[in-house]
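Chemist:
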Amino acid sequence: MPVDKSLIHLSLVPGIGPRTIQQLLQEFESADKILSLTLDDIDSGKLSVDPNLLRRIVYEKEKISVDQELELIQENDCQVVTCGDSSYPVLLRDILDPPPVLYFKGEIPPEAIPYLSIVGAREPTDNAKKICYELASQSANKGMTIVSGATNGVDETAHRGAIDAQGKTVAIMACGLSQVHLCENQNLITEIMENGTVVSEFPMSAKTKVMNFVQRNRLVSGLSKDTILVESTDRSGSLITARFALEQERNVFILDGANSSSRTSLVTHRLISRGARLVDSAEEVLESLPNYSVSQYQNLSVPLVDSDQFETEDQPVPNSKPKTKQSDTAITKPSQQASETPDTTSSQEKMILSAIDNGDESGIHIDQISRATGLPVHTIAGILTMMELQGRVVQLPGMNFLCQSDN
1456 MPVDKSLIHL
1466 SLVPGIGPRT
1476 IQQLLQEFES
1486 ADKILSLTLD
1496 DIDSGKLSVD
1506 PNLLRRIVYE
1516 KEKISVDQEL
1526 ELIQENDCQV
1536 VTCGDSSYPV
1546 LLRDILDPPP
1556 VLYFKGEIPP
1566 EAIPYLSIVG
1576 AREPTDNAKK
1586 ICYELASQSA
1596 NKGMTIVSGA
1606 TNGVDETAHR
1616 GAIDAQGKTV
1626 AIMACGLSQV
1636 HLCENQNLIT
1646 EIMENGTVVS
1656 EFPMSAKTKV
1666 MNFVQRNRLV
1676 SGLSKDTILV
1686 ESTDRSGSLI
1696 TARFALEQER
1706 NVFILDGANS
1716 SSRTSLVTHR
1726 LISRGARLVD
1736 SAEEVLESLP
1746 NYSVSQYQNL
1756 SVPLVDSDQF
1766 ETEDQPVPNS
1776 KPKTKQSDTA
1786 ITKPSQQASE
1796 TPDTTSSQEK
1806 MILSAIDNGD
1816 ESGIHIDQIS
1826 RATGLPVHTI
1836 AGILTMMELQ
1846 GRVVQLPGMN
1856 FLCQSDN
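This note's numbering applies: residue 1456 is where the sequence shown begins, and numbers increase by one.
The following block contains the structure:
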């Protein structure tokens, strides 16, 4: 299958994220047409897209070596699939901002085998690790592919359970695939490549950044119909994954048997109010999932696809309406537990809260928050998710936000 070289090239342009690329493709039909635009085309006034965005593409595309990116893909024995390919993961097409380019290394499990995402704390309790391992290994024995993020704690335990059960597992990385040798759990990642695949939406040489973890979390949930939250705290990144799963209209299970009530009661309450299901054991989760068997799939061939740096700072395209899920979330007063939590508000949180405070009673849209703060949309989305689950902000229909009232 030929590689869409133009789309890879476009995805490497700084300041353009998945949503903007998706909107540009809707307007111009192909990345090749976008890259073919000239300054005369832009200055003609005949295009409905923000001319400043298009000018940036014209200027920046000349600084980018797409051939160097393709060489890195080949040198690292990786493969790439773009959103226009038939082999692009079907479930990812349905999420809000599907990545236009995905990089793979390893053997790609067929989508006919269901994927199950397992997420949780980086420092789980011994009980949580035991339940997580049991859940992952039993699910892998049933023929499921285990998806997680390859970081310490619940992630590595989930991958290990799948590998020990001789099942398949997928790790979603927060860096480019030429940089995985710098990641924690390097030995585990090597094993994952031998028992499944590592996946990234970031260019091959992209370094790990904090904001990348937020961005990749939507892929952890987006690849699966079911996401399991094994254990979490009020500020855990796994909450973002669970929230993304709910917004993607996927099933979310909270393993209460793995949780300390003092650590997760507020989180559990808020996620359940948004549609998550509370379960007490790995067995209860497995009973709720399809009864697949490895033998059912043992004769399936595994399709391999042919062989970027998304700066996550999406620039909104005028007259384009992103897909959003409206919510009937009730506005409730934060619990006493939340109000007694010490003030650990980060500088980014303070910037976001200030932007929301400057909005009106109908709320402020996430794109407006991005423009006011200069923060990427994906970073803001993750921070807002945490603050919403903590009862500090409220999401209204249409991705608009208000600060939570104390009254």
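Backbone N, C-alpha and C define an ideal beta-carbon position, used for all residues, glycine too. Note that the coordinates shown come from a computational prediction; the quantities given were computed from them, not determined experimentally.
So if DSSP puts Leu1851 in a beta bridge, which residue, or which two residues, is it bridged to?
Modeler: Answer by DSSP bridge pairing, in chain order: Asn1855.
Chemist: Near Asp1459, what residues of its chain come up, given a Cβ to Cβ distance below 7 Å and the 5 sequence neighbours on each side ignored?
Modeler: Same-chain partners within the cutoff: Ala1486, Thr1537 and Gly1539.
Chemist: Using 8 Å as the Cβ pair cut-off and three pairs as the minimum, do the region 1552-1572 and the region 1488-1504 touch?
Modeler: Touching, no.
Chemist: Measuring alpha carbon to alpha carbon, tell me which residue in Val1535, Pro1555, Glu1484 and Gly1500 is nearest Val1468.
Modeler: Residue Pro1555 is the option with its Cα nearest to Val1468.
Chemist: Am I right that Arg1671 and Ala1629 are in contact with their C-beta atoms under 8 Å? What's the rounded C-beta distance?
Modeler: Arg1671 to Ala1629, Cβ: 5 Å. Contact.
Chemist: What is the rounded straight-line gap between the Cα of Ile1497 and the Cα of Arg1548?
Modeler: Approximately 30 Å, taken between the alpha carbons.
Chemist: Pull up the DSSP beta-bridge partners for Val1545, would you.
Modeler: According to DSSP, Val1545 bridges with nothing at all.
Chemist: In terms of residues, what are the limits of the alpha helix (DSSP H) holding Asp1681?
Modeler: It is not in any alpha helix (DSSP H) - Asp1681 instead sits in the beta strand (DSSP E) that spans Asp1681 to Leu1684.
Chemist: Less than 8 Å separating the beta-carbons of Glu1739 and Pro1579?
Modeler: No. Outside cutoff.
Chemist: Would you mind working out which of Arg1826, Phe1483, Gly1651 and Glu1646 sits nearest Thr1624, comparing C-alpha positions?
Modeler: Among Arg1826, Phe1483, Gly1651 and Glu1646, the Cα nearest to that of Thr1624 is on Gly1651.
Chemist: Between which two residues does the beta strand (DSSP E) harbouring Arg1732 extend?
Modeler: Here the beta strand (DSSP E) through Arg1732 covers Arg1732 to Val1734.
Chemist: Can you grab the Cα-Cα spacing for the pair Ile1644 / Val1635, in whole Å?
Modeler: Approximately 8 Å, taken between the alpha carbons.
Chemist: Ends of the alpha helix (DSSP H) at Leu1583?
Modeler: The sequence shown places Ala at residue 1583, rather than the Leu named in the question. Where Ala1583 is concerned, the enclosing alpha helix (DSSP H) stretches over Asp1581 to Asn1596.
Chemist: Hey, out of Pro1553, Asp1581, His1464 and Asn1855, whose CA is closest to Ile1821's CA?
Modeler: The shortest C-alpha separation from Ile1821 is found at Asn1855.
Chemist: According to the neighbour-count rule (16 or more other Cβ atoms, all chains shown, within 10 Å of its Cβ), is Lys1662 buried or exposed?
Modeler: It is exposed - the Cβ of Lys1662 has fewer than 16 other Cβ atoms within 10 Å.
Chemist: Return the chain-ordered ranges of every beta strand (DSSP E) run that is complete within the region 1474-1511 and spans a minimum of 3 residues.
Modeler: Those beta strand (DSSP E) runs which fall completely within the region 1474-1511 and span 3+ residues do not exist here.
Chemist: Indicate the three-state DSSP secondary structure (helix, strand or coil) for Thr1866 in the structure shown.
Modeler: The first residue shown for the chain is 1456 and the last is 1862, placing residue 1866 beyond what the model contains.
Chemist: If you count every other CB in all the chains shown that lies within 10 Å of the CB of Gly1818, and 16 or more means buried, which is it?
Modeler: So Gly1818 counts as buried.
Chemist: State buried or exposed for Val1757, treating a residue as buried only when at least 16 other CB atoms are found within 10 Å of its CB.
Modeler: Model confidence at Val1757 stands at a pLDDT of 31, short of 50, so the residue's coordinates are unreliable; what they give is reported in the following sentence. Looking at its Cβ environment, which holds fewer than 16 other Cβ atoms inside 10 Å, Val1757 is exposed.
Chemist: Could you compute how far the alpha carbon of Gly1604 sits from the alpha carbon of Ala1827?
Modeler: For Gly1604 and Ala1827, the distance between alpha carbons rounds to 31 Å.
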